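2 protein chains.
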Amino acid sequence: MSDNKIPYKIYLEEEEMPKAWYNLRADMKNKPAPLLNPGTLQPLTVEELSGIFCRELVEQELDETTPFIPIPDEILSFYRMYRPSPLVRAYCLEEKLQTPAKIYYKFEGNNTSGSHKLNSAIAQAYYAKKQGLKGVTTETGAGQWGSALSMACAYLGLDCKLYIVKLYYEQKPFRREVMRTYGASVVPSPSDTTEVGRKILAEHPGTTGSLGCAISEAVEVSVKDPDYRYVLGSVLNQVLLHQSVIGLESKIAMDKYGIHPDVIIGCAGGGSNLGGLIAPFMGEKLRGEADYRIIAVEPASCPSFTRGTYAYDFCDTGKICPLAKMYTLGSDFIPSPNHAGGLRFHGMSTTLSQLYHDGFMEATSVEQTSVFEAAEQFARVEGILPAPESSHAIRVAIDEALKCKETGEEKTILFGLTGTGYFDMVAYEKFNNGEMSDYIPSDEDIAASIAKLPTV
Amino acid sequence: MSDNKIPYKIYLEEEEMPKAWYNLRADMKNKPAPLLNPGTLQPLTVEELSGIFCRELVEQELDETTPFIPIPDEILSFYRMYRPSPLVRAYCLEEKLQTPAKIYYKFEGNNTSGSHKLNSAIAQAYYAKKQGLKGVTTETGAGQWGSALSMACAYLGLDCKLYIVKLYYEQKPFRREVMRTYGASVVPSPSDTTEVGRKILAEHPGTTGSLGCAISEAVEVSVKDPDYRYVLGSVLNQVLLHQSVIGLESKIAMDKYGIHPDVIIGCAGGGSNLGGLIAPFMGEKLRGEADYRIIAVEPASCPSFTRGTYAYDFCDTGKICPLAKMYTLGSDFIPSPNHAGGLRFHGMSTTLSQLYHDGFMEATSVEQTSVFEAAEQFARVEGILPAPESSHAIRVAIDEALKCKETGEEKTILFGLTGTGYFDMVAYEKFNNGEMSDYIPSDEDIAASIAKLPTV
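Residue numbers (the numbering used here), protein chains in the order written: chain A, 28 to 483; chain B, 28 to 483.
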């Protein structure tokens, strides 16, 4: 189909939307390494994991062979409230950059949670409800996951207990009110409501918290109450599974118009957006049916892929969670208080870690001032005010488009625009006032943190 | 077409989108009364108005006969960045209410300005650019119009000078940063940068400002600099013209699926959203081709339609703007500091005023606590966190749907969901904490303000 037939924004029809999630692991020869019991160092069983997660989610977590898992009707109904998300041709950005590259972005911010997190929040809440639980607990960093989960729980009538990283509890009071409007209870972490929280407060008085620490608290609460289970917004295989809806919609839309992306770019914190966006494309690549260049973008202040090590590590600061084999900076690593709250996790999805280790994707890191420059440039021409997290992908998409300008190549670039920045205006204000600086951890800091990895 | 064929969200295809705005006045037998020169009390001429507004906008302002005015290609291109907006069937709300009514809403919040204001902002900025001006000045209340205009100006490379009502400058610092990110200069009003601002500060020290006062300041600046013109986000005929895109898209989508709305509901501050939403439906009603019940909803704290008088009045507190014949509470009326910033204007669109006066539409007023109850109820089932302004329409849509529950009538309700409430979390926080109260002006207060109307 000729280029001028392609709309600015491609919305799938309801009947074109995916009816099943795609389980990327089914096409991986080298499967991601299993989660280990932190006590026995043996792979976790269904029984063990069922103490933390809902049963059906445990099955999804461990399923390495079923390529497609049907999306339950109730979840499809909820998806229809805010999906399909648009696949947008960034005509205005292309013109601004004067690049021959064709830039597309899949925009996941058009819902009240402001990000793609809702795709997995509704799925996890649904299975909790189906299991007859009273509620769920979780942590949230920048608050996107917490907002999403509180929306999903409000819709299904489930209790929602949220531990929010203290830095963001204070920096983003409005996020807190969104969650409260949806009926969630919100606690700043570390808190004195859990054993692990009290321990961390004693060891690091004045800490602004971290995602790893908030995870420890949320897990502790859920483990102690049989009517609750813990849910998580990223890192896990089940989350990547649910987020595959992003990539599936993108691929259906691109196939419909005969568009082949040469480069696919996503920001990577725990990997939920990137893993979801690339899923069907990576599947083709693994099966040898097509080739794509795939780039993970992470902040220079928390560079798990680019400066971490591939090893078993705890997912939380309190070291009560399972061990995962992943690219990690060490569970003691505390990133500087940068402004990309969703990208502050010390580790990375085990699936993406394995794919990166096997050479199926690249990774790069970028500094936040250059990220906000890209964000502002994008906002002014494309209209959307992007989240700091998403703007990492924008930065690299612009860089790739500018390379095309030099070489004259007409590459097609697809990136994930995971969300909006309406709750990040403190960061934008710093940038607007020229007060934003960059922070790159020293080799010594990273080495010190990695030296403390558990021996497996 | 049967009910189950209607998608949750109807998005028009690009080729189905309107290519011309609809000028409702062409179908009105009783035209709205003309704007008067505040000095001579004679109808304003093209020449006089051209000192304040761009020439082509003046022509649109005064055109009472041309039913359709083509949308320039450049504006259509911009519209494609965020339009079509979805027409959503509120299945979840219907189920929650257990009503036989069918509820639809046209959602205009899916753009960074967070509201429908962008539809007219880009049009007004485009004509300013076309005329070779350096920039535009305006006022903004809740900041939606300011955000929209700064986006439009950033896109076109125009200067944007904004006077923002002081109450909202302080209550919504993040709005300010959105505007700054888009490159606008933002001044809290009343300010000492204008004569009228200094006068108001002297007379009302400590005032939190009003839209009427910010208008005076913005007009003064533009009148004194020939490279600038004044633009306005509501009230004017030209704005209703541009906003007709809301109603046109709604009507095309509803006609496509054979849906006939029995009741059409919109919030009304200056009338931009309501006038745009109802335009093509009201046109049919005026031509006797179809009938619709049309309801304007205003806050009980600023009830122009329901408790104002139909008379000539100033549009601004400083009394330097043209006189308009409209439903007004008097330009000296200062509404209480309620939380629907977009609905604090003392007057109303002249077009809507005439239509209301002639009995073609109804009006009702609602109190803010009941508005936030509706907002929360809507958010929890429909996902979207609505703006306080939009929630006025939600309140009445829910009330109408509940009436249908009593009577068993299967009415079809359409309401305008003008925007999102991400920048209104201070208000939501008050509501969440049970600290929100209602304020209804006394008959004496309104009578005192109306007594000061100019004699025309």
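Yeah, the Cβ is synthetic: ideal placement off N, Cα and C, and Gly gets one too. Because the structure is a prediction, the values reported are computed rather than measured.
| Check | Outcome |
| --- | --- |
| Have a look at G236(A), P97(A), R110(A) and N57(A) and flag the residue whose alpha-carbon is nearest the alpha-carbon of E91(A). | N57(A) |
| Any C-beta of chain A sitting closer than 8 Å to the C-beta of P99(B)? | no |
| For E409(B), would you say it is in contact with chain A, using Cβ-to-Cβ distances shorter than 8 Å as the test? | yes |
| Looking at chain B, which residues of the segment 204-233 of chain A have a Cβ within less than 9 Å of any of its Cβ atoms? | E204, V205, R207, T208, Y209 and G210 |
| Nearest chain A C-beta to S29(B) closer than 8 Å, yes or no? | Low confidence applies to S29(B): its pLDDT is 43, below 50, so where it sits in the model is not reliable, and the reading given next is rough at best. No - not a single Cβ of chain A is within 8 Å of the one on S29(B). |
| Express the C-alpha separation of K46(B) and E276(B) in angstroms, rounding to a whole number. | 10 Å |
| Using a cut-off of 7 Å between C-beta atoms, extract the partners of E456(B) located in chain A. | E204 |
| Just the C-alpha distance for I473(B) and K226(B), rounded to the nearest angstrom, thanks. | 23 Å |
| Report the partner residues of A402(B) according to the DSSP bridge assignment. | Bridge partners of A402(B): none, in fact. |
| Along chain A, in chain order, which residues have C-beta atoms closer than 8 Å to that of L412(B)? | T139, V205 and T208 |
| Can you check DSSP and say which residues form a bridge with C431(B)? | DSSP output for C431(B) lists no bridge partner at all. |
| Can you pull the DSSP bridge partners for G446(B)? | S142(B) |
| Please state whether DSSP places R320(B) in a helix, a strand or coil. | strand |
| Let's test the definition: count the other Cβ atoms within 10 Å of the Cβ of L379(A) and tell me whether it reaches 16, buried, or not, exposed. | buried |
| Check whether the segment 86-106 of chain A and the segment 410-417 of chain A are in contact - that is, three or more C-beta pairs closer than 8 Å. | no |
| With a threshold of 8 Å between beta carbons, is M375(B) in contact with chain A? | no |
| How close, in whole Å, do the beta carbons of L84(A) and Q265(A) come, if the pair is a contact with beta carbons under 8 Å? | 5 Å |
| Compute the distance between the beta-carbons of N146(B) and V272(B), then report whether it is under 8 Å. | yes |
| Whole angstroms is fine: what's the gap from I37(B)'s alpha carbon to A280(A)'s? | 17 Å |
| Would you check if the distance between the CB atom of K129(A) and the CB atom of W172(A) is smaller than 8 Å? | no |
| Answer with yes or no whether the minimum CB distance from M463(A) to chain B is below 8 Å. | no |
| Does DSSP put A47(A) in a helix, in a strand, or in coil? | strand |
| Taking the DSSP output, what are the residues bridged to K188(A)? | T164(A) and S212(A) |
| At least one CB of chain A closer than 8 Å to the CB of M178(B): is that the case? | yes |
| Just confirm the distance between the C-beta atoms of G369(B) and L356(B), as a whole number of angstroms; I'd bet it's less than 8 Å. | G369(B) to L356(B), Cβ: 16 Å. No contact. |
| For a contact meaning CB atoms closer than 7 Å, what does P34(B) contact in chain A? | E41 |
| For the alpha helix (DSSP H) containing Y131(B), name the first residue and the last one. | Premise fails: Y131(B) lies in the beta strand (DSSP E), K129 to F134, not in any alpha helix (DSSP H). |
| Quick one, which of D343(B), K123(B), V258(B) and V250(B) has its alpha-carbon nearest Y153(B)'s? | V258(B) |
| Can you tell me the Cα-Cα spacing of P307(B) and K161(B), whole angstroms? | 35 Å |
| Just to make sure I have the definition right: I need the residues of chain A whose C-beta is within less than 8 Å of the C-beta of E88(B). Which are they? | None at all; the shortest Cβ gap to chain A is about 27 Å. |
| What does E403(B) touch in chain A if you count any residue whose Cβ is under 8 Å from its own? | T208 |
| Please list, in chain order, all residues of the same chain as K479(B) whose beta carbon is under 7 Å from its beta carbon, the five residues on each side excluded. | G357 and D359 |
| Can you tell me whether K219(A) is buried or exposed? The criterion is at least 16 other CB atoms within 10 Å of its CB, across all chains shown. | Looking at the sequence provided, one finds Asp at residue 219(A) rather than Lys. With fewer than 16 Cβ atoms within 10 Å of its Cβ, D219(A) is classed as exposed. |
| Between the Cα of A179(A) and those of G210(A), A420(A), Y190(A) and G386(A), spot the shortest distance and give me the residue it belongs to. | G210(A) |
| Would a check of beta-carbon distances place F450(A) closer than 8 Å to chain B? | yes |
| Out of G435(A), N459(A) and T377(A), state which residue places its alpha-carbon closest to the alpha-carbon of S397(A). | N459(A) |
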